[in-house]
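A.B. asks: Next up is a structure, given as C-alpha cells.
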Ligand code: HEM
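As C-alpha cells, this is what we get:
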C-alpha cells in the first residue's frame, strides 16, 4: 500500500513538472504573440469594427439604428481607407481611397478580379453566373464588350432608339402627372429596361404590357434583396438550406419568372436564327455558341442553355443603376432651379428647342456634362461596385488581405471624402469645370464606374442613356418640387444600388 502511495506521489510530482513546463511554454507563446502583435512588424488584417459572432450578430442587427450606408461611411472615418467589416454576417474588405482601389484592382488585378456567384441564386434557380459572376468571365466579358459595341454602345442606331425611348418616357411622365405631381421611378425602370431589351432582344415593350410590368417589378424586387429579410440573409450565410425553404418561396417565384422570361426570348431567337442576319446580342451569343461548337467542346465558354445568365446580368447591372442615376438627376434639378436653368441654357444654345438631342451634343455642353458627373459623384448609384474575391493572399501597405476575402471599393466613401471633393455634401457641378467654366475637367478620384479589369462593362451605354434622357426631359419641361416640399436626399433601402426614397416632381411645359 505504502509503495502504491509513493508511486502515485512520484507520478503526480513528475506530472506537475511536465504540466508546469507545458503551462510555461504555452504562456510564453501567448506573451510572445502579444509582444509581437504590439511591437513587431507583423502582417495583420485591416482594422475595423468589432466582429460580433453568430448568432449574436442577428440580435445586434435587429437593434442597430445605423443604416448599412451610414455604418460603412463611419467605418472609413474611424478606421481609415482599408477596413475589415461584416455586412449581413459576411466579412468584407472595404477600400476607401482611389490610390488603394488602383493598387488592388489594377496593380494586383491578376489576383483580385474574380467574383463569387450568389449562393441564393444557385440554390433557387440553378444560376452559376455569366459575364459578371461566371467562372469563364474573361472570354465572356471580351465577347460581350464587342457585342455591346456592335449593338449598342457608341452606335448612332442605339442612340436614336434611346432618344425615342426618352421621348416616350417624357410623354408618359407628363400624362401620369396629377395634382400631386409624378413619381418618376416606376416609368424610369420601364424605360431603361426597354433600352436593354432593344439591345439584347431587338425589341421594346409597351409600358402597359402586363408581362413586361411583371418583369420590371421582378428586377426591382430582386435588386431589393429578393424579398429576403436582412436577418434571414445572415442566417442563410450559415444555413444555405434557408434558400430552399418555404421562407424563400416568394423570392424564388420572382427569380424563376425572370429566368423563364429570358429563356423564352432566347428560345424564340434560336428558332428564328439566321447566321447571316445577327439581329441583337442574343443572336450574337447564339452565333458564338455555334462557332465554338463547330470548333469542339473544350473551348466552349458559353453554351446555349447558359445564355440566359449573361442576359440576366445585363438587366440586373444595367437597369436600376441608370434608372436611379436619372431619378437622382430629377431630384437634384428640382432642388436646384438655378443649376437646372444653366443646363437648359446650354440645351437651347447647342441643341435648340426642336431637334432631338444626339450624343455628340455633349461635346459642346460642358456644364451639362459636369452636372451629370456631379450627380454620380454625390450619389454613386453602385456605391460599392460589385464584390471582388482575392484569388491569392494580397499584401497591401502594412496589411494582409487573405485569399478568398471579398473586396469592395468604397466609391460612396471616396466621393464624400472632403480631401478629395471639398464640401462633399454640396451639389456643385463647378467642381468638374475649368475656372472659366468652358471645359469639363476630370477628377481621378471619381470612380463611379469602378476601375481595372472588372470596371463597368456598360459605362458608355450608361453615359449615353444618362445624357439623352436628361436633356430630352429638360428640353421640354421645367422640373420643380411640389409646393412646400423639401428635397429628400435619403437613400431607399437597397442591397447594391443607391436609389432615392420615393419622391414626387412637377413638370411645367417650357
Ligand atoms: C449610371 C449607370 C451605371 C453605373 C454607375 C455603373 C457602375 C458600375 C460599377 C461600379 C461596376 C463594378 C466595377 C467593379 O466591380 O470594379 C459595374 C459593373 C458592371 N456594369 Fe455597370 N454601371 C452602370 C450602368 C451599367 C449599364 C447600363 C450596364 C449594361 C449593359 C452595365 C453593365 C455592367 C456589367 C456587365 C458589370 C460587370 C463587369 C464585370 O464583372 O466584369 N452597367 N458597373
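Residue numbers (full-length UniProt numbering): 1 to 510.
In this text, a Cβ means the ideal position worked out from N, Cα and C, and glycines have one as well.
(1) Across the region 92-105 and the region 273-285, are there enough close Cβ pairs to call them in contact, namely three or more that are closer than 8 Å?
(2) Alpha carbon to alpha carbon, what distance is there between residue 309 and residue 340?
(3) Counting beta carbon pairs with one atom in the region 189-205 and one in the region 150-167, are three or more of them shorter than 8 Å?
(4) For the alpha helix (DSSP H) containing residue 279, list its first residue and its last residue.
(5) With a CB to CB cut of under 8 Å and the five nearest residues on each side skipped, what residues in its chain are close to residue 91?
(6) Can you tell me whether DSSP reads residue 42 as helix, strand or coil?
(7) Can you tell me the Cβ-Cβ gap for residue 95 and residue 410, rounded? I've got them flagged as a contact below 8 Å.
(8) Count the C-beta pairs between the region 441-458 and the region 367-386 that are closer than 8 Å, then say yes if the count reaches three, no if not.
(9) Compare the C-alpha of residue 183 against each of 392, 503 and 425 and name the closest.
(10) When we look at the beta-carbon of residue 288 and count the other beta-carbons within 10 Å, is it buried (16 or more) or exposed?
(11) Any heavy atom of ligand 3 closer than 7 Å to the Cβ of residue 455?
(12) With a threshold of 7 Å, establish whether the CB of residue 313 neighbours any heavy atom of ligand 1.
(13) Can you tell me whether residue 437 sits near ligand 1, meaning its C-beta is under 7 Å from at least one heavy atom of the ligand?
(14) Looking at ligand 1, does it come within less than 7 Å of residue 308, judged from the CB to the closest heavy atom?
(15) If you run the structure through DSSP and keep just helix, strand and coil, what is residue 366?
(16) Looking at residue 491 and ligand 1, is the gap between the Cβ and the nearest heavy atom below 7 Å?
(17) Indicate whether residue 381 and residue 321 have their beta-carbon atoms separated by less than 8 Å.
(18) Roughly how many whole angstroms lie between the Cα atoms of residue 505 and residue 181?
(19) Check whether the region 122-138 touches the region 433-443, counting contact only when three or more Cβ pairs, one atom from each stretch, lie closer than 8 Å.
(20) Could you give the first and the last residue of the continuous alpha helix (DSSP H) run that contains residue 125?
(21) Rounded to the nearest angstrom, how far is the Cβ of residue 276 from that of residue 286, given a contact under 8 Å?
(22) Would you say the beta carbon of residue 254 comes nearer than 7 Å to a heavy atom of ligand 1?
(23) Buried or exposed: which applies to residue 210, given that a residue is buried once 16 or more other Cβ atoms fall within 10 Å of its Cβ?
(24) What does a CB cutoff of less than 6 Å around residue 199 pick up in its chain, not counting 5 residues either side in sequence?
(25) Could you tell me whether the Cβ atoms of residue 330 and residue 479 are closer together than 8 Å?
(26) Within 10 angstroms of the Cβ of residue 239, are there 16 or more other Cβ atoms? Answer buried if so, exposed if not.
(27) Assuming the contact rule is C-beta atoms closer than 8 Å, residue 124 and residue 248 should be a hit. Round their C-beta distance to whole Å, please.
(28) If you run the structure through DSSP and keep just helix, strand and coil, what is residue 388?
(29) Out of 171, 170 and 241, state which residue places its alpha-carbon closest to the alpha-carbon of residue 119.
(30) With hydrogens ignored, establish whether the beta-carbon of residue 461 is closer than 7 Å to any heavy atom of ligand 1.
(31) In the DSSP assignment, find the beta strand (DSSP E) that holds residue 415 and state where it starts and stops.
(32) Tell me whether the beta-carbon of residue 73 lies closer than 8 Å to the beta-carbon of residue 46.
(33) With a threshold of 16 other CB atoms inside 10 Å of the CB of residue 483, please say whether the residue is buried or exposed.
(34) In the structure shown, what three-state DSSP assignment does residue 489 receive?
(35) Check each candidate in 250, 245 and 204 and name the one with the smallest Cα separation from residue 222.
(36) Taking only three categories from DSSP, how would you classify residue 142?
C.D. replies: Inspection of the coordinates gives the following:
(1) no
(2) 40 Å
(3) yes
(4) Where residue 279 is concerned, there is no enclosing alpha helix (DSSP H), given that its DSSP letter is neither H nor E.
(5) 51, 84, 85, 405 and 406
(6) Low confidence applies to residue 42: its pLDDT is 49, below 50, so where it sits in the model is not reliable enough to give any reading.
(7) 6 Å
(8) yes
(9) 503
(10) buried
(11) With respect to ligand 3, the structure shown offers nothing to examine, as its ligands consist of ligand 1.
(12) yes
(13) no
(14) no
(15) helix
(16) no
(17) yes
(18) 5 Å
(19) no
(20) 119-125
(21) Actually they do not touch by this definition, with Cβ atoms about 13 Å apart.
(22) no
(23) exposed
(24) 151, 152 and 281
(25) yes
(26) exposed
(27) 6 Å
(28) strand
(29) 241
(30) yes
(31) No beta strand (DSSP E) contains residue 415, which is instead part of the alpha helix (DSSP H) from 411-415.
(32) no
(33) exposed
(34) coil
(35) 250
(36) helix
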